[in-house]
Amino acid sequence: MARAAGGLGVWRSLVLLGLCSWTVGGEAGCPEWHWLREWEADKCGALADRVPHPKPQPVRGLWVHAEINSSLSLQWEEPQSSVPQNLTFWDLWNLGSNTSDTQKTTDTSVTMEGPCPGSSYAFSVCMEKDGVNGTWESLNASTAPNPVRCLRVGARTNSSISLCWEAPQDPTSQNLTYWVLWTGDGDDGDTQKTTDTSVTMEGLRPGSSYAFSVWVEKDGFNSTRETLQAATAPNPVTNLRVHAQTNSSISLRWEEPQGSASQNLTYRVHWTGDGDDGDTQKTTDTSVTVEGLRPGSSYAFSVWVEKDGVNGTRETLQAATAPNPVRCLRVEAQTNSSISLRWEVPQDPSSQNLTYWVLWTGDGDDGDTHKTTDTSVTVEGLRPGSSYAFSVWVEKDGVNSTRETLQAATVPNPVRSLRVEAQKNSSISLRWEEPQGSASQNLTYRVLWTGDVDGGDTQKTTDTSVTVEGLHSGSSYAFSVWVEKEGVSGTRETLQAATAPNPVRSLRVEAQTNSSISLRWEEPQDSASQNLTYWVQWTGDGDDGDTQKTTDTSVTVEGLRPGSSYAFSVWVEKDGFNSTRETLQAATVPNPVRSLRVEAQTNSSISLRWEEPQGSGSDARDFIYWVLWTGDGDTNGTQNTRHTNVTLDELQPGSLYQFLVWSEKNGINSTHETENATTAPNSVTHLQNTSETNTSVSLTWEAPEDPHSHLYTYQIQWGSEAHPPEAGANWTGRSKETRYVVTALRPGTLYTFRVCAERNEVASHMQSLHASTAPDSVTIASCVSASGGYGLILNWPCPTGGYDGFELKVGGQQGSQHRSECGTRVLLSGLGPARSYTVTVTTIWSGLRAVSVPATCYTDSAGVIAGAVVGVLLLLLLVGLVVLFLKKRKRKQQKQEAPQDLALSFPGDILAKNFADHVRRNEKDSNRGFADEYQQLSLEGEGQPQLVALAPENKAKNRYRNVLPYDWSRVPLQPLHDEPGSDYINASFMPGRSSPRDFIAAQGPLPQTVGDFWRLVWEQQSRTVVMLTNCLEAGRVKCEHYWPLDTQPCTHGHLQVALVGEEVTENWAIRDLQLLHVKEKKSLSVRQFHYLSWPDHGVPHSPDPLLAFWKTLRLWLDQTSEGGPPIVHCSAGVGRTGTLIALVVLLQQLECEGLVGPLGFMKKMRQSRPLMVQTEAQYVFLHQCILRHLELSAATPVQKDAVYKNVASLIYENADAIRAHELQV
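Under the working numbering, the first residue of the sequence shown is numbered 260, with each subsequent residue one higher.
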């Protein structure tokens, strides 16, 4: 109880404290609280004096969190530096009618319910802790007013909507503001305020829906919003009109309301009529057809738009239905210039005020219109025999009924100019003119005839001519002809006519030459031969023709053109009447072909060509040419063509054929022309050299397996492969046997031998063979003792021809000598003094040996003692040299191993001005930089598929097993029928600066791939071939000799290769070749650039000759931009080939961009073909060529620049190339 009493004391103290600091602004209906303030005024100070605890801090941030028309929410923050436990907050406010309320809470927010709407209040909040109150924080706040009531649409037009409402419930009417917000379809909307309880929104769009919101504002506080949807009235329809009228319906059409969207529009149509209650119809279309109306009646129509339940204003019009049509329209009478019509009145009309309209149109007549109130009419002024279309309709109140129509025709006029057109022995043909003033359409003519022995008959036709058949020859007939149209007949026209005599019989050609045709015939059947005259008429191609008469039954027409077709007509004349004509076509014999000749021969075909027959002119395309051939063994065949050439296939090789050629035109053959020709034999096989001497080579071969090989002559060609070439070029020999000894050759020289079979001067494809003569033997010129009897000095002259080296045999000892030792003094040591030795010198060349005549040489005895002393001294000297060599080697290894810890980098593209420094750096330590760069290429491109090259049928086409094209970059050939692998050749597309197919890298042709190589050239249309190898190098065949040795062409399948010209210099040769496709009759000019001074797996001694070759090649390439990519080959198609392609591309890059990237381009090439730039020496040589090009460019006056100032002092001698060459020699 004590605690409760204490609580009441605290409560009373709090109330008093609150009352001391809280006031309420009075509003109407809410009384002021002055009495409370006066009653407790003296209590506040006394109560405060008795508070024993410290006074709490006031609350912070008091604010109105939310207000509606019946509540207010307050929120605040705890006092600063207060512990949140045990805090109580007191709130005090009034509830009107001299009452107040107090609320406590432990939260920092409170909602006071029950305030009056739209009223202003003062609120106080303080904090209590431990029974002690803090100071009060106060604020004023107002409740929101009540919303408007009964919001509704008062009125609307097509551009405005009026709203009205009632004031809020129980407010004071002072200081109320009403806000109206509206938005519509495609309209951003607007806001309007008023103090009235109604408003009108103007400027709205017709037929549009709007959303309206209305709320009350008082003292800056808004009530909740009242909303409604309303729409403006749509605009009226436009251009309302009658679209169609029938006797039971009227169709209306109108345009959509102006400024309205066509969606969601409904149209209402209302009508009323005479004695009709009317009806209403709705539609969403802009047209309507009102059915079920009475004929000939007037109606009033109203049309309006409805959208969103709102109707637009009405558009009205008057319209009437059409009357019923007339009945039983018919023709009553017809003349040749008029037609009379009659009809019945419409069904069930009132007969008053009816007007009848008649419209007519005719053939070629614009027609006219006539009106009447009668039920008949006569139309005058029509054309005779013409058809007319008539339309009749009823008009009432300006509205027409449907039309009734019929066709009718006037009576036709009679025919004009009736006459006989032709008379035969059994028929008479009549012709006449159309009736005057009549259209020719739809006219029928009737023909009636009677004769002396004939009962007569009738025939009809729509033509202006007729042929009456089945008459008796030479008989007279009476004919009548009249016109009928639309069942109406005209007057008749008559004439008399007679039939013609019978024609000649069995007209035929009796004889033909190239300038005349003779005809013969039999007399007419059942005719007496007296008084008969025969007429012959002819016309021909480009000939006006002529006529000839005779009383005989034959005639010869002269002066005709050769090979021309003529039309002949023959008829009989008797008593002025002609029989029918008998005709036939006949042609003169064509002239024979001219200049028949053989154009080409292979082992299975012969091509012939000839000129057109003389005088054929523009008619040449009408000729058919026939070729008949017979050959050895009674083989024969026939073929025809419209061309002046033909190729006869599937002939026997090496066989003689006789050909007969003649022309045919119009089924007539000319005389034939004859030509004899022989097919080329098959090639010889197993060509080999059986023996050789220093001046001769013996060859043998096997004859082709041809049926006539016993008649063959064999042609042998040979030429030297020496460099420079021998004077005298090539030689030729012939043999009837399958062996031949080539004599008068140069010793130690490589030759290419070719053998072909020949019959009647037609040669087979040549088989080739590389063989060398034996070297010349030498004679020992002198043999002198030396070295105090311990040696000999030999001397022998250099042999004639080629030689690789020499082999010395002294006593039982044997050794080799370099080829340069001939003509010099050669010291042989290690011999014994005072002895005799048998010495021989053997010349070595390409695996062949020539032993000299032995010579006996003697050594002296004076050097035995001196030799011993010298031997001791030499031993001591040798020991010292060994020690010195080991020390130098150790220092050199230490010097070379020092840079291994450095990180090497390989640049990409290099500026021209830095290229010389780049080369110098890479040349250090015996080209170590180049070696490291080249090592990066070792695995480039590996692992790509090479399946086509490894196919069993293609393995024999590869020169080396490790040089195979990748599948993706190989150059495919067009496959040959039934030849597996015929699309394969060892060749690859190679990149350049502009395309991944700028070049083709290929291996040197093998004997079995020469034909494939020329197919590659033809199919790619390559006009440039670059050859970087010799056919034979160091005694080994590196490439087949694939071009002709002389002017005799070589044939490979359908391709024939001819040597047109050749120019040979010290380091290269240029050959112009012509490639002919025998079947297609097309040719291709090809230029071969053959570099002669580049050793296999090595490099030339100096860049200068190759750069000069490059300039010549580039000049040609710049002039011949058309055609396919250049084809570059050496032996394998990778080493020398890759070096030259890289040189061409990199020098082009240097000139265009001023920089060069050899390593990067090497990687790009090896992605397309393996082993491109095959050796490190070739990679170094490539850099030296680029460097030399820079020096030559710097030396040119217009090119002097600081960029190349560091180039002039470099040495371009290729030491690696010299060493490699010396090792090969």
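Virtual Cβ for every residue (Gly too), placed ideally from N, Cα, C.
C-beta contact flag for residue i and residue j at 7 Å
i	j	result
Val852	Ser922	yes
Tyr916	Pro940	no
Ala1260	Thr1396	yes
Trp554	Thr531	First, the residue type needs correcting, since residue 554 is Pro and not Trp in the sequence shown. Cβ atoms of Pro554 and Thr531: not closer than 7 Å.
Pro671	Lys744	yes
Val458	Val439	yes
Gly1060	Pro1006	yes
Glu639	Val651	no
Gln577	Ala559	yes
Glu934	Leu1028	no
Gln1262	Asn1245	yes
Where residue i sits in the DSSP three-state scheme
i	result
Tyr1438	helix
Met1025	coil
Asp1460	Because Asp1460 carries a pLDDT of 39, less than 50, the predicted location of this residue cannot be relied on, and the following value inherits that uncertainty. Note: Asp1460 maps to coil in three-state DSSP.
Lys1422	helix
Phe738	strand
Arg1373	helix
Val547	strand
Gly1202	coil
Val1296	strand
Leu1446	helix
His529	strand
Ser1452	helix
Asp1035	coil
Leu677	strand
Arg767	strand
His969	helix
Ala489	strand
Leu1235	coil
Gln784	coil
N-terminal and C-terminal residue of the alpha helix (DSSP H) that residue i is part of
i	result
Gly1394	1394-1412
Glu1278	1269-1279
Range of the contiguous beta strand (DSSP E) that encloses residue i
i	result
Ala1190	From DSSP, Ala1190 is part of no beta strand (DSSP E) but of the alpha helix (DSSP H) over 1171-1194.
Arg1013	1009-1018
Gln1315	1314-1323
His502	497-504
Lys655	646-655
Lys808	802-809
Met213	There is simply no residue 213 to check, as the chain begins at 260 and stops at 1484 in what is shown.
His1336	1327-1336
Gly626	624-631
Residues bridged to residue i [DSSP beta-bridge criterion]
i	result
Lys566	Val569
Cys1042	Leu1053
Leu1366	Paired residue(s): none; Leu1366 is not in a bridge.
Val323	Leu333
Leu398	Phe382
Asn481	Glu476
Ser854	Partner(s): none; Ser854 has no beta bridge.
Phe1064	The question names Phe, yet the displayed sequence has Gly at residue 1064. In DSSP, Gly1064 forms a bridge with His1077, Ile1103.
Distance cut-off 6 Å: residue i Cβ against heavy atoms of the ligand NAD
i	result
Arg767	The ligand NAD is absent from the structure shown, which contains no ligands of any kind.
Supposed contact pair residue j and residue i - C-beta distance, whole angstroms, cut 8 Å
i	j	result
Ala1436	Val1358	5 Å
Val225	Ile509	There is no way to answer for residue 225, as the model of the chain reaches only from 260 to 1484.
Val1319	Leu1304	Contact flag wrong, Cβ pair sits at about 14 Å.
Ile776	Leu730	Wrong, their Cβ atoms sit about 34 Å apart, outside the cutoff.
Glu603	Val585	7 Å
Val1110	Leu1087	With 8 Å as the limit, Val1110 and Leu1087 do not qualify as a contact, their Cβ atoms being about 18 Å apart.
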